[in-house]
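To convert, count from 1 in the sequence shown and add 5; that's the numbering used here. All C-beta atoms, glycine included, are put in the ideal place defined by N, C-alpha and C. Each remark here refers to the structure printed beneath this line.
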Amino acid sequence: MDSIVVTGNGALTGAIPIAGAKNACLTLMPATLLSEEPLTLTNAPRLSDIATMTQLLRSLGAEVASLQDGLVLAMSSHDISNHTADYDIVRKMRASILVLGPMLARDGHAVVSLPGGCAIGARPVDLHLRALEAMGATLDLRDGYIHAKAPGGRLKGAVFEFPFVSVGATENALMAATLAKGTTVLKNAAREPEIADLARCLRKMGAQIEGEGTSTLTIQGVDRLNGATHPVVTDRIELGTYMLVPAICGGEIECLGGRMDLVGAFAEKLDEAGVSVTETERGLKVSRKNGQVRAVNVTTEPFPGFPTDLQAQMMALLCTASGTSVLEEKIFENRFMHAPELIRMGARIDVHGGTARVTGVDKLRGARVMATDLRASVSLILAGLAAEGETVVSRVYHLDRGYERVEEKLRACGAQIERISA
Ligand code: UD1
C-alpha cells in the first residue's frame with residue numbers, strides 16, 4: 006500500500022492546474038446510458054473513481070474508451086446488454102447508484118446493488134428511490150439489490166419535492182426525468198455546480214430542462230436523446246484544496262482554471278481568515294494578506310454554502326490559525342475522522358457530535374498518520390506541508406480516488422513530497 010511522505014518546507018509558490026470535477030464526471034458518465042448515440046467527455050480527471058465508473062459502465066454493455074491519456078472519455082451505449090449493477094463494483098463507490106435512473110428511464114428496468122454505508126456516515130439512498138417511485142417506478146429491495154421497473158416500460162412525469170437537499174438523488178431523478186413521459190418538477194433540488202453541468206450536458210443531448218442552478222428543476226420528457234460532446238466543469242473541491250496551500254504554508258499559488266463562482270462561500274471564509282483571493286486571467290491567485298491566519302467559524306451547507314468536502318482541509322488550516330474556531334458539520338454525521346490524526350500532529354481539537362472546536366497552535370509537528378477517507382487524506386497532506394519535520398500519510402488509496410498527480414502538482418511549487426510504495 007502506498008504512503009505519502011511530506012516534509013514541511015516553508016512557503017510554496019507557483020501555478021497549479023485544476024482538473025475536471027470528479028463529482029461532475031461521475032454523474033456525466035452514467036448519462037451515456039440514456040442514449041444509443043456516443044457521449045464524449047473532455048477535461049475528465051484521471052482518478053481511480055473514474056476507472057471504477059468505467060468498469061461499471063462496461064459491465065452493463067457500454068463501450069468506454071479512455072483517450073488522450075485519460076483526458077477524454079469516449080462512451081457509447083448502443084445496447085445495454087446487462088441491467089444489473091453488481092455488488093462487487095457498487096460497494097467500491099457509492100456514485101454507482103447513479104446508473105439506476107438512466108437504465109430505468111431508457112429500458113424500463115434495472116437492478117442495482119444497494120451501496121451500503123461508508124466511513125463518513127450511513128448515507129442511505131432512500132431519496133433516490135422515493136423520487137423514482139414518484140415517477141411511477143415499482144421498487145423491490147431483496148438480496149441486497151434494488152429491483153426497479155417502470156410499468157409499461159416508461160417512467161412518467163411527476164412533481165416531487167425532496168424533503169432535504171441531496172446531490173446524488175437530484176442527479177438520479179434529473180437523468181430519469183429526461184426520458185419520462187410528460188413533465189417532471191423537482192423541488193428543493195440540489196444546486197451544486199456539478200448538477201448545472203449535468204443539465205448542460207443533457208440539454209446538448211436534446212433534453213428539455215429549465216431551472217438549472219436553482220432549487221426547482223422542470224424537465225419535459227422526450228422520447229430519445231442524442232449523442233454529445235461536453236467538457237467537465239472545473240473541480241471546485243480540488244480548487245479549494247490547493248487554495249489552502251498558500252494559506253497554510255505562506256507563499257502564493259495561482260490555481261489555473263479556478264473560478265470565483267465555484268468557491269464563493271469558501272473564498273469568503275478565507276478572506277475573513279486573512280487570506281486574499283483574486284481573479285486573474287488564468288484562474289485564482291491566493292496568498293496571505295499579512296502574516297498570521299485568524300480563527301473563523303465554519304458551518305457546512307449544501308451549495309452555495311460552505312462545502313462539506315472542504316471541511317477537513319479547512320480544519321487543517323485552522324489548526325495553526327490564531328484563536329479558536331468552531332466547525333459545524335451539517336451534512337454527514339461522522340466526518341471528523343481527520344481530527345484524531347491532526348491531534349497526533351500536535352493540533353488542539355475537541356469534537357462533540359457534529360461540532361469541532363479548533364484552537365490554533367504555533368506549529369504542527371510531523372507524525373505518522375492514517376488517511377480515513379478521501380478529503381481527510383488531503384487534509385493530512387496540507388497539515389504535513391505546514392508541519393515541522395516529516396509526516397507519513399498511509400492508506401493513500403483514498404487520495405487517489407479524488408486527486409490526480411498531487412505530488413507532482415505540489416512539487417512544482419517547491420514542496421518536499423514523495424510517494425513510497427510498500
Ligand atoms: C455528493 C458528493 C460528495 C459530497 C456530497 C455533499 C458525489 C459523487 N459525491 O454525495 O462528495 O460530500 O454530495 O455535498 O457527487 N441522504 C439521505 N438519503 C438519500 C441521499 C442522501 O439521507 O437518499 C443524506 C446523506 O446521508 C447526507 C445528505 O443526505 O447526510 C447529503 O447527501 P448527498 O447530497 O446525497 O450526497 P451524495 O450525493 O452521496
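- Of the residues 405, 293, 381, the one placed nearest residue 320, counting alpha carbons only: Answer by Cα proximity: 381.
- Closest by CA to residue 92, which one among 79, 76, 57? Minimum Cα distance to residue 92 is reached at 57.
- Closest by C-alpha distance to residue 390, when choosing among 420, 403, 204: Taking each of 420, 403, 204 in turn and checking the Cα distance to residue 390, the smallest one comes out for 420.
- Message: Can you tell me where the alpha helix (DSSP H) holding residue 506 begins and where it ends?
- Response: Within the shown structure, residues of the chain are numbered from 6 to 427, placing residue 506 beyond reach of any answer.
- Message: Quick check: the Cα distance between residue 4 and residue 25, rounded to an integer number of angstroms?
- Response: In this structure the chain extends from 6 to 427, so residue 4 is not present and cannot be described.
- Between residue 415 and residue 15, what straight-line distance do the alpha-carbon atoms span, to the nearest angstrom? Straight-line spacing of the CA atoms in residue 415 and residue 15 works out to 13 Å.
- Does the distance from the C-beta atom of residue 366 to that of residue 349 stay below 8 Å? No. Outside cutoff.
- Element boundaries [beta strand (DSSP E), containing residue 311]: Neither: residue 311 is in no beta strand (DSSP E) and is coded neither H nor E.
- Item | Closest Cα partner of residue 270 within the set 279, 292, 312, 193 | With distances taken between Cα atoms, residue 270 lies closest to 312.
- Task: Have a look at the DSSP bridge pairing and note the partners of residue 256.
- Result: Bridge pairing for residue 256: 17 [DSSP].
- Task: Return yes when the Cβ of residue 236 is within less than 8 Å of the Cβ of residue 47, no when it is not.
- Result: The answer is yes: Cβ separation under 8 Å.
- Item | residue 199 CB to nearest heavy atom of ligand 1 below 7 Å | Yes, Cβ of residue 199 sits closer than 7 Å to a heavy atom of ligand 1.
- Message: What does the Cβ neighbour count give for residue 68, buried or exposed, with the cut at 16 atoms within 10 Å?
- Response: Burial call: exposed.
- Message: Check whether the region 33 to 45 and the region 220 to 230 touch, using three or more Cβ-Cβ pairs below 8 Å as the test.
- Response: Contact holds: three or more Cβ-Cβ distances are below 8 Å.
- Query: Say the cut is 7 Å; is the CB of residue 193 nearer than that to a heavy atom of ligand 1?
  - Reply: Relative to ligand 1, residue 193 has its C-beta separated by 7 Å or more from all heavy atoms.
- Below 7 Å CB to CB, which residues in the same chain sit around residue 240 once its five sequence neighbours on both sides are set aside? These residues qualify, in order along the chain: 23, 24, 25, 26, 27, 50.
- Message: Please identify the residue among 261, 289, 280 whose C-alpha is closest to the C-alpha of residue 252.
- Response: Distance check between residue 252 and each of 261, 289, 280 places 280 closest, using alpha-carbon atoms only.
- Length of the line joining the Cα atoms of residue 431 and residue 275: The chain is shown from 6 up to 427; residue 431 falls before or after that span and cannot be answered.
- What first and last residue would you give for the beta strand (DSSP E) that runs through residue 375? Element bounds for residue 375: 373 to 375.
- Counted within 10 angstroms of its Cβ, other Cβ atoms place residue 293 as buried (16 or more) or exposed: Per the 10 Å Cβ criterion, buried.
- Around the C-beta of residue 409, are 16 or more other C-beta atoms found within 10 angstroms, so that it is buried, or is it exposed? If you draw a 10 Å sphere on the C-beta of residue 409, you find 16 or more other C-beta atoms in it, and that means buried.
- Query: In this structure, what does DSSP give as the bridge partners for residue 362?
  - Reply: As a beta-bridge residue in DSSP terms, residue 362 pairs with 331, 355.
- Secondary structure at residue 304, three-state DSSP: helix, strand or coil? Note: residue 304 maps to strand in three-state DSSP.
- In the structure shown, what three-state DSSP assignment does residue 297 receive? DSSP, read as helix, strand or coil, puts residue 297 in coil.
- Item | Buried or exposed by the 16-neighbour rule on C-beta atoms within 10 Å, applied to residue 169 | Residue 169 should be labelled exposed.
- Task: Take every Cβ of the region 154 to 170, pair it with every Cβ of the region 85 to 101, and state whether three or more of those distances are shorter than 8 Å.
- Result: Contact between the region 154 to 170 and the region 85 to 101 is absent, because fewer than three Cβ pairs lie under 8 Å.
- Query: Out of curiosity, what's the CA-to-CA distance linking residue 396 and residue 422?
  - Reply: Looking at the two C-alpha atoms, the distance is approximately 9 Å.
- Indicate whether residue 278 and residue 264 have their beta-carbon atoms separated by less than 8 Å. No. Outside cutoff.
- With a cut-off of 8 Å, do at least 3 Cβ pairs link the region 364 to 379 to the region 200 to 214? Judged by Cβ distances under 8 Å, the region 364 to 379 makes no contact with the region 200 to 214, as fewer than three pairs qualify.
- Task: Would you list, in sequence order, the uninterrupted alpha helix (DSSP H) runs of no fewer than 4 residues that lie entirely inside the region 159 to 243?
- Result: Along the length of the region 159 to 243, whole alpha helix (DSSP H) runs at least 4 residues long occupy 172 to 183, 198 to 209, reported in chain order.
- residue 31 Cβ short of 7 Å to ligand 1 heavy atom set: Yes, since a heavy atom of ligand 1 falls inside the 7 Å radius drawn around the Cβ of residue 31.
- Item | Three-way DSSP call (helix, strand, coil) for residue 22 in this model | Here residue 22 carries a strand assignment [DSSP, helix/strand/coil].
- Does any heavy atom of ligand 1 sit closer than 7 Å to the C-beta of residue 131? Checking the Cβ of residue 131 against ligand 1 gives yes.
- Excluding the 5 residues preceding and the 5 following residue 75 in the sequence, name in chain order all residues of the same chain whose CB lies nearer than 7 Å to its CB. Excluding positions up to five away in sequence, the list reads 49, 51.
- Message: Just checking: is the beta-carbon of residue 201 within a distance shorter than 8 Å of some beta-carbon in chain B?
- Response: No chain B appears in the structure shown, which is made up of a single protein chain.
- Beta-bridge partners of residue 80, as assigned by DSSP: As DSSP reads the structure, residue 80 sits in a beta bridge with 44, 69.
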